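J.: Heads up: the sequence shown begins at 18 in this note's numbering, then just goes up one per residue. Got a structure for you, questions after.
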Amino acid sequence: MNASDVTGRESAVLDGGPADGLRMEVSGRPRVIQVTFPCEVDAPPRPGVRAEAVFVYRRDFRVKDEPLRYGFDIASP
């Protein structure tokens, strides 16, 4: 029995890019995971405004068992 049998969640790991090696739990085997990192700004932003770098990881469909693997997509977004 694995974790997904009980909770509906599975372990996953990110490969490559800025979040290389990050481990997490996912549900529903998403095709894409988006990772954001805050960006430094030169001046204080207006209230509610923030700047973030966005990185995309795509599921490796060859991996059928845990941990699921997501590879960095250098071309996205």
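Glycine is no exception: its CB is placed at the ideal position from the N, C-alpha and C atoms. Given the structure is predicted, the values throughout are model-derived calculations rather than measurements.
1) Enumerate in chain order the residues of its own chain whose CB-to-CB distance from VAL80 is below 8 Å, with the five nearest sequence positions on each side excluded.
2) What runs of the beta strand (DSSP E), each 3 residues or longer, lie entirely inside the region 20-57?
3) Do three or more CB pairs link the region 62-71 to the region 42-50 at distances below 8 Å?
4) Per DSSP, which one or two residues make a beta bridge with ARG86?
5) Beta-carbon within less than 7 Å of VAL100's beta-carbon, same chain only, minus the 5 sequence neighbours each way: which residues are those?
T.: Short version:
1) Taking the sequence shown and counting its residues from 1, one reaches residue 80 at position 63. ARG86.
2) 26-32, 40-44, 49-55
3) no
4) Stepping through the sequence shown from its first residue, residue 86 is reached at position 69. In DSSP, ARG86 forms a bridge with VAL30.
5) Residue 100 is absent from the model: the chain starts at 18 and stops at 94.
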